[in-house]
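Working notes for the structure below.
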Amino acid sequence: MWKRIATLGRKTSLELRLCSKAIQFRQPLGRVFLHQESIPRLPVPPLDQTLSRFLDTCRPLLSANELNEVEKLAKEFGKSGTELQKLLETRAQEELNWLEEWWLHTAYLDYRLPVVVHSSPGILCPRQKFNSRDDQLDYTARLISGVLDYKKVVDNQNVPIEAMGNNPLCMYQYYQILSACRIPGKKRDSFAVYPPTEKDPPRHIIIICNNAFFKLDVYDKDDNPLTTNQLCEQLRKIFKKSFSVKSPGVGILTSENRNTWGLYYDKLKNLDPENEKNLKLIEKSIATVCFDKAIPFDGRDEFSVGINQMNHGCGSKNNSANRWFDKTLQFIVSEDGQVGLTYEHSSAEGPPIVSILDHALIHARSNKTAPDGSIDGLPEPEVLNFNVNEEIQHGIEEAGKNIDTLISDLSLVGYVFKDFGKEAIKKLKVSPDAFIQVGFQLAYNKIYGRSCATYESASLRKYRHGRTDTIRSCTNASHEFAQAMISSKFSEDVETKRKLLLNAINAHRQYTQWAVGGGGVDRHLLGLKLIAKEHGKNIPDLLMEPSVAETSHWKLSTSQVASKTGCLLGFGPVVPDGYGLCYNPQSNSINFSISSWKTSPETESQRMAESIGSALVECYQLLSSGNVQAKL
Ligand code: COA
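Quick note on the UniProt record's numbering: the sequence shown kicks off at 1 and runs consecutively.
And the structure:
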């Protein structure tokens, strides 16, 4: 019951599992259970509301003819869609969250492209200064100790409950991150979590070093977490041993297309019981930790090199085989002080992952390794020897070539905007997030002379098991503002431009409030499509219309992931001719990552970075030169 939650039936939930735990131990229901009970269910928005909001977002993106056609289809759907709407509402009454399982499958487990670049973000942390191998090992020991410190909080169901304004948030995702792993299938993947209450709970992490895998028990025989000194000594042994292990580099298979990896996973597992045992050990481990080789900078800045290293490992000759990309939480400590992680996205969004990372980093910073705790009597770290045959060896070589091709097409750059940060924007009395998003719209218009479909992740965690909806950041108001900015007609008219900017910021803020309040457009339309499929009904014409698809061809796929420790998250673009933009607003600066495909003649990450920088400065100048205040 505890495992493979994603493949179990509709009623499976953390609440059920916590409830069963309470019964099992005859204890009062856990704190988390009671909190979760108080979180409302995700509503199904009224159909008319969604259609009207949706049509509004089409206006800046479609021609007059396309818009006419879409309006006609929307009107028809307003009448014919009531049956689907009712079916969806019924589902919402029966399910804890009507979207949860659909989203898990549509966005993640059924998605067959490699998780690397396409789905799993990398997170780069502030660089450490390592003068020697000892420094690297010592830091890693403290980082692991920070993760174990956090695990204690999770195991005791004591993760502080977060809130958005006055609304407490669903904390479910926090309990799906440690000891978790995605498992490939030939057509569909699954996901497993191994909680602390099961009979033989995970007590180990997996260290990956020189492409070899090691099991490291991180608790002693009395169940105490190892001290940093003990961890450091164990890591030293692993490091030494890793040079003599002849590793076939099976980790690179996890970077493959999911169907291919699903096929090889079975071959690997069935070839040798030792392989099967090793796979299980990796999947069950609390997390993985990768000791990376340094990546040469070759004239690039350390921020850009680092975000690539965290995102994909920089290729088969560098660190891409030194990974298990299916692992939910995978820390990376490079010998040159680049530190970060990559995470498999199925079970959680960036913010909970960053909370764990922040905790571990702060712990590592403040807890120097003390010379306590003897290593006498601790079990030796265990090498996981994988047996491969010629066929699997061939798969490993192909996977190496494929990831190298993927990476060679990716242009991912890190950019620290230093002119101002969140605090200066707040002083202008506007929302920093809306300000940055309108800045993106201007940046895009400055390069292309037009607006484009833009996705921003909005948290649905106000609702039970909520994940995300889309903030459609390209609004009529942002389009009007950006067009005015690039037109010579308004060159001297600062007052008009300022008003248009404030309108755009307010429109973005409004859409954000709709989206986080369960009134976004995209998940509702997806739900209507999927309920039609599930009941064998025709997909409504509106949802099959090509120009409607155009309004979700996300040429800008964006996400804010804030952190306490100045980290930066980076992911790939979601369409061939688009950009992936991630940002972390700091008090006095903003960290950005910008990605695009090199094979697209339309996009160029560096140019977009520069355009974002100048757009933000222009927006700031407009607002700081007047006294007009935003409404929201
Ligand atoms: N004047 C002054 N300050 C303002 C303001 C205004 N008009 N509007 C907002 N602020 C302040 C806020 O109070 C907040 O202050 P704090 O830093 O002290 O907390 C700060 O500015 C940030 O607010 P804002 O920029 O409006 O953003 P937000 O925190 O409301 O975040 C989203 C907006 C959309 C990013 C957020 O709701 C969300 O959904 N985040 C999750 C996204 C996600 O899951 N991403 C990961 C996908 S992997």
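Every residue, glycine too, gets a C-beta built ideally from N, C-alpha and C.
Between N167 and K462, the gap from beta carbon to beta carbon is short of 8 Å. E602 has its alpha-carbon roughly 22 Å from the corresponding atom of Y583.
C-alpha of N591 to C-alpha of G566: approximately 8 Å in a straight line.
Leaving aside the five residues that flank I353 on each side, the residues in its chain whose CB is nearer than 8 Å to its CB run, in chain order, I123, I177, L329, L341, Y343. Annotation: N270 to N257 spans about 20 Å, alpha carbon to alpha carbon.
The shortest CA-to-CA distance from D223 to any of K240, I238, D200 is the one to D200. Put simply, the backbone Cα of T496 is about 17 Å away from that of A615. The DSSP assignment places complete alpha helix (DSSP H) segments of no fewer than 4 residues inside the segment 75-103 at 82-94, 100-103, in order along the chain. A direct Cα-Cα distance of roughly 43 Å separates H35 from F481. Shortest gap from the CB of K462 to any heavy atom of the ligand COA: 7 Å or more. The Cβ atoms of V115 and P351 do not sit closer than 8 Å to each other. A heavy atom of the ligand COA is found nearer than 7 Å to the CB of T512. Per DSSP, H359 is one residue of the alpha helix (DSSP H) stretching across 350-366. Three or more Cβ pairs drawn from the segment 246-255 and the segment 386-396 lie within less than 8 Å of each other, which places the two stretches in contact. Rounded to the nearest whole angstrom, the C-alpha separation of V574 and L169 is 28 Å.
DSSP lists F291, V339 as the bridge partner or partners of V333. Distances taken from the Cβ of S431 to the heavy atoms of the ligand COA include one shorter than 7 Å. In this structure, S285 sits near I205, with a CB-CB distance shorter than 8 Å. A contact is defined here as three or more CB-CB pairs under 8 Å, and the segment 136-154 fails this definition with respect to the segment 292-311. Going by C-alpha positions, E276 is about 15 Å away from G185. Rounded to the nearest angstrom, the Cβ distance from D358 to S563 is 6 Å, consistent with a contact under 8 Å. Counting C-beta atoms within 10 angstroms of its own C-beta, V494 has fewer than 16 neighbours from the protein chains shown and is therefore classed as exposed.
When the alpha-carbon of F214 is set against those of H524, A507, N322, I539, the nearest one is in N322. One thing to note: W98 has its Cβ within 8 Å of the Cβ of L88. Closer than 7 Å to some heavy atom of the ligand COA: that does not describe the Cβ of I307.
The DSSP-derived three-state label of D149 is helix.
Of the candidates P43, Q49, P45, T82, T82 places its Cα closest to the Cα of K537.
Leaving aside the five residues that flank E283 on each side, the residues in its chain whose CB is nearer than 7 Å to its CB run, in chain order, C181, I183, A192. With respect to S473, H508 sits close: the two C-beta atoms are nearer than 8 Å. Between L67 and R59 the beta-carbon gap is near 7 Å, inside 8 Å, which marks them as a contact. Taking a C-beta distance under 8 Å as the contact criterion, D409 and T599 qualify as a contact pair.
Counting only the Cα atoms, K327 lies some 23 Å from N156. In this structure, the CA atom of I39 is about 29 Å from the CA atom of Q437. Apart from sequence neighbours up to five positions away, the residues of its chain that approach P126 with a beta-carbon distance below 7 Å are T565, G566, ordered along the chain.
In the pairwise beta carbon analysis, the segment 130-150 is classified as not touching the segment 499-515: fewer than three pairs are separated by under 8 Å. Fewer than three pairs of CB atoms, one per stretch, sit closer than 8 Å, so the segment 440-457 makes no contact with the segment 525-544.
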